[in-house]
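Following: one structure in structure tokens, then a few remarks.
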Amino acid sequence: MSLVQASSLDCNYRKDEISRMKASPASNRSNGCRLCGGKQFQALEVAEDSVRVLKCRDCSLVFVDPQPSRWSLPDHYDEQYYQSWLTEQRPKRVKMWERRIQHLEKFKRTGRLLDVGCGEGLFLEVAKRRGWQTTGTEISGFAAEHAAKTAECEVFHGELPDAPFTDGAFDLVTLWHVLEHVRDPLAYLTEARRILAGDGVLVVAVPNLNNILMRAVYRLFKGKPLRLYEPDEKELHLFHFSSRTVPLCLKKAGFRIVRIGPDTGSVDRRKQIVDGFAVAISKITGRSIYNALEAVAVPSKIKTHVS
Ligand SMILES: [Zn+2]
Numbered sequence: 149m150s151l152v153q154a155s156s157l158d159c160n161y162r163k164d165e166i167s168r169m170k171a172s173p174a175s176n177r178s179n180g181c182r183l184c185g186g187k188q189f190q191a192l193e194v195a196e197d198s199v200r201v202l203k204c205r206d207c208s209l210v211f212v213d214p215q216p217s218r219w220s221l222p223d224h225y226d227e228q229y230y231q232s233w234l235t236e237q238r239p240k241r242v243k244m245w246e247r248r249i250q251h252l253e254k255f256k257r258t259g260r261l262l263d264v265g266c267g268e269g270l271f272l273e274v275a276k277r278r279g280w281q282t283t284g285t286e287i288s289g290f291a292a293e294h295a296a297k298t299a300e301c302e303v304f305h306g307e308l309p310d311a312p313f314t315d316g317a318f319d320l321v322t323l324w325h326v327l328e329h330v331r332d333p334l335a336y337l338t339e340a341r342r343i344l345a346g347d348g349v350l351v352v353a354v355p356n357l358n359n360i361l362m363r364a365v366y367r368l369f370k371g372k373p374l375r376l377y378e379p380d381e382k383e384l385h386l387f388h389f390s391s392r393t394v395p396l397c398l399k400k401a402g403f404r405i406v407r408i409g410p411d412t413g414s415v416d417r418r419k420q421i422v423d424g425f426a427v428a429i430s431k432i433t434g435r436s437i438y439n440a441l442e443a444v445a446v447p448s449k450i451k452t453h454v455s
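In our numbering, the protein residues as written are 149 to 455.
Quick look at the structure:
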């Protein structure tokens, strides 16, 4: 087991340089939509701190603008963030990960598994017990160290595109609710394509932008709408995906979808009940309104690159 440090994250910069970069967020509009290059956007929300949530008028990708600096993101995922996962939620989370890995084994029985954004490492622990050769990546220093120790495997501390993995190094790459937190989801997917074996499988799960039933229930009980961006939110969502934009992102990164449907990963009983209704309604209407999406994809025959 080992923790591999990303030297570019904190070793090559002086503290004053990092402070300056944290204070200078980057606009995500300047070069057009990251997915389609479109230049026309609709503002869905404007927060108190002037950060806007924009929707591309061409491909419907929704993102926060300006984006927080890369250097500020790990601060959101400190020891406190993981406390409930490590204590009272742990038994439920073990069951959730067992359900998820058993589901994935219908697509890929066993092999070399990379969990991107592995958090505290519980999925790696569960997968290893089932015979997978496990590796993780994680931007949180606390979580990366914890995962390397408890899951007894190599964990790269940093962003996936900075990790030193070789071409075709993995049979299964998983991104469980990671893409919505990163500044460049297309760079993550393109790197996942490069490090996945030719017969490998990619799994992506993200919150569903069109989770209208959960939003309605939230509004009913809280008396206010569920916002896409809150300045004080500990867990920032920088992108919001839908059943339209997930396939577009995967295709652009060189993948072909073999299954897309609900991701039922919540451990909150009340959310599970609401989402159960949403899944049922989605089946009847053909409209994906459940709380989270899961896409299983394989490399497409023709390799494409993100410019
Ligand atoms: Zn677009």
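Yeah, the Cβ is synthetic: ideal placement off N, Cα and C, and Gly gets one too.
Subject >> Cβ-heavy atom distance, C204 to ligand 1, below 6 Å >> reply: Taking the first residue of the sequence shown as 1, we reach residue 204 at position 56. Correct: C204 has its Cβ closer than 6 Å to ligand 1.
Subject >> C-alpha gap between K400 and V406, whole angstroms >> reply: By one-based count along the sequence shown, residue 400 stands at place 252. By one-based count along the sequence shown, residue 406 stands at place 258. Their backbone Cα atoms lie some 15 Å apart in a straight line.
Original post:
Who are the near neighbours of N160 in its chain, counting only those whose CB is closer than 7 Å to its CB and skipping five residues on each side?
Top reply: Against the sequence shown, residue 160 aligns to sequence position 12. Residue placement at N160 is poorly supported in this model, since its pLDDT is 35, which falls under 50; the coordinates are not used for a value here.
**OP:** For S198, count neighbouring Cβ atoms within 10 angstroms of its own Cβ and tell me buried if that reaches 16, exposed if not.
**Re:** Here residue 198 refers to the residue found at position 50 of the sequence shown. The residue is exposed, with fewer than 16 neighbouring Cβ atoms inside 10 Å.
Original post:
Between the beta-carbon of F271 and the beta-carbon of T285, is there less than 7 Å?
Top reply: Residue mapping note: residue 271 aligns to position 123 of the sequence shown, counting from 1. Residue mapping note: residue 285 aligns to position 137 of the sequence shown, counting from 1. Cβ distance not < 7 Å, so F271 and T285 don't count as in contact.
**OP:** Measure the alpha-carbon distance for R168 versus S217 and round it to whole angstroms.
**Re:** Within the sequence shown, residue 168 is the residue found at index 20, counting from 1. Within the sequence shown, residue 217 is the residue found at index 69, counting from 1. Its pLDDT being 44, under 50, R168 is placed unreliably by the model, and the measurement read from it follows with that caveat. Their backbone Cα atoms lie some 10 Å apart in a straight line.
Original post:
Any idea what DSSP makes of Q228, helix, strand or coil?
Top reply: Here the question's residue 228 lines up with position 80 in the sequence shown. It is helical.
Subject >> Contacts around L262, its chain only, beta-carbon distance under 6 Å, and the 5 residues preceding and following it disregarded >> reply: As a working note, residue 262 is residue 114 in the sequence shown. Cβ within range, chain order: T283, F318, V321.
Original post:
Is G413 near ligand 1, judged by its Cβ being under 6 Å from some heavy atom?
Top reply: As a first step, residue 413 is located in the sequence shown; it is residue number 265 there, counting from the start. Incorrect: G413 has no Cβ contact closer than 6 Å to ligand 1.
Original post:
How would you label N179, buried or exposed, when you count the other beta carbons within 10 angstroms and need 16 or more for buried?
Top reply: Residue 179 sits at position 31 when you count from the first residue of the sequence shown. Exposed is the call here.
Original post:
From which residue to which residue does the alpha helix (DSSP H) around E273 run?
Top reply: One-based indexing of the sequence shown puts residue 273 at position 125. E273 -> alpha helix (DSSP H) spans 270-277.
Original post:
On the three-state DSSP scale, how would you describe A440?
Top reply: One-based indexing of the sequence shown puts residue 440 at position 292. Here A440 sits in strand by DSSP.
Subject >> Reduced DSSP secondary structure (H/G/I, E/B, other) of H251 >> reply: Taking the sequence shown and counting its residues from 1, the one referred to as residue 251 is at position 103. The answer is helix: DSSP assigns H251 an H, G or I state.
**OP:** Using three-state DSSP, classify G289 as helix, strand or coil.
**Re:** Here residue 289 is taken as the residue at index 141 of the sequence shown, counted from 1. Helix.
Original post:
What do you reckon, is the C-beta of G259 under 6 Å from a heavy atom of ligand 1?
Top reply: Position 111 of the sequence shown, counted from the start, is the residue given in the question as residue 259. G259 Cβ: outside cutoff for every heavy atom of ligand 1.
Subject >> L462 beta carbon near ligand 1 (any heavy atom closer than 6 Å) >> reply: Only positions 149 to 455 of the chain appear in this structure, which leaves residue 462 out of reach.
**OP:** Can you give me the start and stop residues for the alpha helix (DSSP H) that K399 sits inside?
**Re:** As a first step, residue 399 must be located in the sequence shown, where it is residue number 251. K399 -> alpha helix (DSSP H) spans 393-400.
Original post:
Between A353 and E227, is the Cβ-Cβ spacing less than 7 Å?
Top reply: Position 205 of the sequence shown, counted from the start, is the residue given in the question as residue 353. Position 79 of the sequence shown, counted from the start, is the residue given in the question as residue 227. No, the Cβ-Cβ distance between A353 and E227 is not below 7 Å.
**OP:** Could you tell me if V194 is buried or exposed, where buried requires 16 or more neighbouring beta carbons within 10 angstroms of its beta carbon?
**Re:** As a first step, residue 194 must be located in the sequence shown, where it is residue number 46. Exposed.
Subject >> M169 - DSSP class collapsed to helix/strand/coil >> reply: Here residue 169 refers to the residue found at position 21 when the sequence shown is read from its first residue. Residue confidence is low: M169 scores 40 on pLDDT, short of 50, so the model does not pin down where it sits. Its coordinate-derived value is still stated next. If DSSP states are grouped into helix, strand and coil, M169 belongs with the helices.
Subject >> Candidates A296, I343, R205, F387: closest to I287 by CA position >> reply: Looking up residue 287 in the sequence shown gives position 139. Among A296, I343, R205, F387, the Cα nearest to that of I287 is on A296.
**OP:** Would you kindly check if the distance between the Cβ of N439 and the Cβ of N358 is under 7 Å?
**Re:** Here residue 358 corresponds to residue number 210 of the sequence shown, with the count starting at 1. Here residue 439 corresponds to residue number 291 of the sequence shown, with the count starting at 1. No, the Cβ-Cβ distance between N358 and N439 is not below 7 Å.
Original post:
Got a sec, what are the start and stop residues for the alpha helix (DSSP H) R407 sits in?
Top reply: Here residue 407 refers to the residue found at position 259 when the sequence shown is read from its first residue. No alpha helix (DSSP H) contains R407, which is instead part of the beta strand (DSSP E) from 403-410.
Original post:
Measuring from the CB of G409, is there a heavy atom of ligand 1 at a distance below 6 Å?
Top reply: In the sequence shown, residue 409 corresponds to position 261, counting from 1. Result no, Cβ not under 6 Å from ligand 1.
Subject >> Bridge partners - D213, DSSP secondary structure assignment >> reply: Within the sequence shown, residue 213 is the residue found at index 65, counting from 1. Its beta-bridge partners are R200.
Subject >> G284 - partner residues in DSSP beta bridges >> reply: By one-based count along the sequence shown, residue 284 stands at place 136. D263, V303, per the DSSP bridge assignment.
Subject >> Identified DSSP bridge partners for E193 >> reply: Within the sequence shown, numbered from 1, the residue matching residue 193 stands at position 45. According to DSSP, E193 bridges with V201.
Original post:
Comparing the CB of C397 with every heavy atom of ligand 1, is any distance shorter than 6 Å?
Top reply: The sequence position of residue 397 within the sequence shown is 249, counting from 1. C397 Cβ: outside cutoff for every heavy atom of ligand 1.
Original post:
Can you tell me the Cα-Cα spacing of D213 and R342, whole angstroms?
Top reply: Working through the sequence shown from its first residue, we reach residue 213 at position 65. Working through the sequence shown from its first residue, we reach residue 342 at position 194. When rounded, the distance between both Cα atoms is 28 Å.
**OP:** Give me the Cα-Cα distance between D158 and Y225, rounded to the nearest whole angstrom.
**Re:** Taking the sequence shown and counting its residues from 1, the one referred to as residue 158 is at position 10. Taking the sequence shown and counting its residues from 1, the one referred to as residue 225 is at position 77. Caution is warranted here: a pLDDT of 39 is assigned to D158, below 50, making its placement in the model unreliable, and no coordinate value can be reported.
Original post:
Nearest CA to the CA of A292: which residue from G306, W280, Q281, G279?
Top reply: Along the sequence shown, one-based indexing puts residue 292 at 144. Nearest option by C-alpha distance: G306.
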